[in-house]
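Quick notes on the structure that follows.
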Amino acid sequence: MPSRQLIVFDFDETLISVCCMRQLFKFIPSHRRPPMYDVDKKGWIDLANLTFKELHSMGYSATTLCKFIRAVPPVPGIVRLIHYLSNSREPTYDMICISDCYRLLVNDWLESHALSECFTGVYCNPTEINENGELIASSYHCVECPYSPPNLCKRHVMDAFIAMQKQLHIKYDRVVYIGNGKGDFCPVLSLRSCDLMCARQDDVLAEKIKSLKKIKLKPKIYLWNNGLDLLAKLNENKDRIRH
Numbered sequence: 001m002p003s004r005q006l007i008v009f010d011f012d013e014t015l016i017s018v019c020c021m022r023q024l025f026k027f028i029p030s031h032r033r034p035p036m037y038d039v040d041k042k043g044w045i046d047l048a049n050l051t052f053k054e055l056h057s058m059g060y061s062a063t064t065l066c067k068f069i070r071a072v073p074p075v076p077g078i079v080r081l082i083h084y085l086s087n088s089r090e091p092t093y094d095m096i097c098i099s100d101c102y103r104l105l106v107n108d109w110l111e112s113h114a115l116s117e118c119f120t121g122v123y124c125n126p127t128e129i130n131e132n133g134e135l136i137a138s139s140y141h142c143v144e145c146p147y148s149p150p151n152l153c154k155r156h157v158m159d160a161f162i163a164m165q166k167q168l169h170i171k172y173d174r175v176v177y178i179g180n181g182k183g184d185f186c187p188v189l190s191l192r193s194c195d196l197m198c199a200r201q202d203d204v205l206a207e208k209i210k211s212l213k214k215i216k217l218k219p220k221i222y223l224w225n226n227g228l229d230l231l232a233k234l235n236e237n238k239d240r241i242r243h
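The C-terminal residue of the sequence shown carries number 243 in the UniProt record's numbering, and the numbering is unbroken.
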């Protein structure tokens, strides 16, 4: 029976090459930008809505915001990696994306790069367009987690997905988590010794893992730069997990 693996992707600076919110800030003059606050504690939702409101007041529609994000290139090699995983039959891969970004922007970017059909699920902050045509974001959920913003704990989402799959009699021989930021740390605490955490080299997640002294992590850790690095790593381990 072919090995079945779950690949979990972050979005900002993992699939797409820059942070979406920082990209949108560029279109607002510095004197009109919403003031920054501690997003690690409060999350991005309020800041995102202030940003969307300001952009709307400047005449930028939700469609235009999608256009701005759609123009951002993917991380080098990441599209090739996803298509390779999607077409693989030995092992087979299920892919999900868990992101603190915003549903309309994420789904539009994935669709524009022909990646939507590759993912079993995309989990991010909901969005809607109000009667004035303004983009509005809301929290994915409300949780208390010491490693996550209050609007999204990626570990909670990942664990819930794996539990849901178990109810469908789908079990994973290995889970591979691919990310770069502070919010991507919490999922590593659920990973097993057979799993793999891929942290983007010289980024926040990699530095967080390096700084740990009291917590012993179970999964293997791999530092990556681009999608081709990840492809080589997954192929390197293919024979070890094949039944």
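Just so it is clear, CB atoms sit at the ideal spot from N, CA and C, and this is done for glycine as well.
Quick check on the burial criterion: 16 or more other C-beta atoms within 10 angstroms. Buried or exposed for residue i?
{"i": "H141", "result": "exposed"}
{"i": "A114", "result": "exposed"}
{"i": "E13", "result": "buried"}
{"i": "D22", "result": "The question names Asp, yet the displayed sequence has Arg at residue 22. Exposed, because fewer than 16 other Cβ atoms sit within 10 Å of the Cβ of R22."}
{"i": "R174", "result": "buried"}
{"i": "N235", "result": "exposed"}
{"i": "P149", "result": "buried"}
{"i": "A232", "result": "exposed"}
{"i": "R89", "result": "exposed"}
{"i": "T127", "result": "buried"}
{"i": "I215", "result": "exposed"}
{"i": "L24", "result": "buried"}
{"i": "A160", "result": "exposed"}
{"i": "I170", "result": "exposed"}
{"i": "T51", "result": "buried"}
{"i": "D202", "result": "exposed"}
{"i": "G59", "result": "exposed"}
{"i": "G121", "result": "exposed"}
{"i": "E35", "result": "As written in the sequence, residue 35 is Pro, which differs from the Glu given in the question. Classification of P35: exposed, given that the 10 Å Cβ count is below 16."}
{"i": "L105", "result": "buried"}
Could you check what DSSP says for residue i in three-state terms: helix, strand or coil?
{"i": "E13", "result": "coil"}
{"i": "A160", "result": "helix"}
{"i": "T187", "result": "Residue identity differs from the one stated: residue 187 is Pro in this sequence, not Thr. Helix."}
{"i": "A137", "result": "strand"}
{"i": "L110", "result": "helix"}
{"i": "V79", "result": "helix"}
{"i": "L84", "result": "Note on residue identity: the sequence assigns Tyr, not Leu, to residue 84. Of the three classes helix, strand and coil, the one that applies to Y84 here is helix, per DSSP."}
{"i": "I69", "result": "helix"}
{"i": "residue 246", "result": "For residue 246 there is no data in the structure shown, the boundaries of the chain being 1 and 243."}
{"i": "E54", "result": "helix"}
{"i": "H169", "result": "coil"}
{"i": "L212", "result": "coil"}
{"i": "F27", "result": "coil"}
{"i": "E236", "result": "helix"}
{"i": "C153", "result": "coil"}
{"i": "G59", "result": "coil"}
{"i": "D49", "result": "A quick correction: the sequence has Asn, not Asp, at residue 49. In the structure shown, N49 sits in a helix (DSSP, three-state: H, G or I)."}
{"i": "E131", "result": "coil"}
Going by DSSP, name the residue or residues bridged to residue i.
{"i": "M197", "result": "Y177, I221"}
{"i": "A64", "result": "In the sequence as presented, Ala is not what sits at residue 64; that position holds Thr. BP columns for T64 are empty, so no partner."}
{"i": "N125", "result": "Y102"}
{"i": "V18", "result": "DSSP lists no partner for V18."}
{"i": "L6", "result": "D94, V175"}
{"i": "P146", "result": "The partner list for P146 (beta bridge, DSSP) is empty, contrary to what the question assumes."}
{"i": "P74", "result": "I16"}
Please check the pair residue i and residue j, which I expect to be a contact at CB under 8 Å, by giving their CB distance rounded to whole angstroms.
{"i": "C186", "j": "Y147", "result": "4 Å"}
{"i": "V176", "j": "H156", "result": "That pair is no contact at about 19 Å."}
{"i": "residue 245", "j": "V188", "result": "For the chain, the structure presents residues 1 to 243; residue 245 sits outside this window and is missing."}
{"i": "I82", "j": "D10", "result": "That belief does not hold up - the Cβ atoms of I82 and D10 are roughly 13 Å apart, past 8 Å."}
{"i": "L47", "j": "L55", "result": "Actually they do not touch by this definition, with Cβ atoms about 13 Å apart."}
{"i": "residue 254", "j": "V75", "result": "Here the chain covers residues 1 to 243 and nothing more, so residue 254 does not appear."}
{"i": "D184", "j": "K154", "result": "6 Å"}
{"i": "L205", "j": "G181", "result": "6 Å"}
{"i": "G77", "j": "G227", "result": "3 Å"}
Pairing CB atoms from the region 3–12 with CB atoms from the region 93–107, are three or more of them under 8 Å?
The region 3–12 and the region 93–107 touch, with no fewer than 3 CB-CB distances between them shorter than 8 Å.
Decide yes or no for the touch test of the region 128–142 against the region 23–38: beta carbon pairs closer than 8 Å, at least 3 of them.
Contact between the region 128–142 and the region 23–38 is absent: fewer than 3 CB-CB pairs across the two stretches fall below 8 Å.
The region 108–128 / the region 54–72 touching (three or more Cβ pairs under 8 Å):
Contact between the region 108–128 and the region 54–72 is present, because at least three Cβ pairs lie under 8 Å.
State whether the region 163–170 contacts the region 198–208, with contact taken as three or more CB pairs (one from each stretch) at a distance under 8 Å.
Because the criterion of three Cβ pairs below 8 Å is not met, the region 163–170 and the region 198–208 do not touch.
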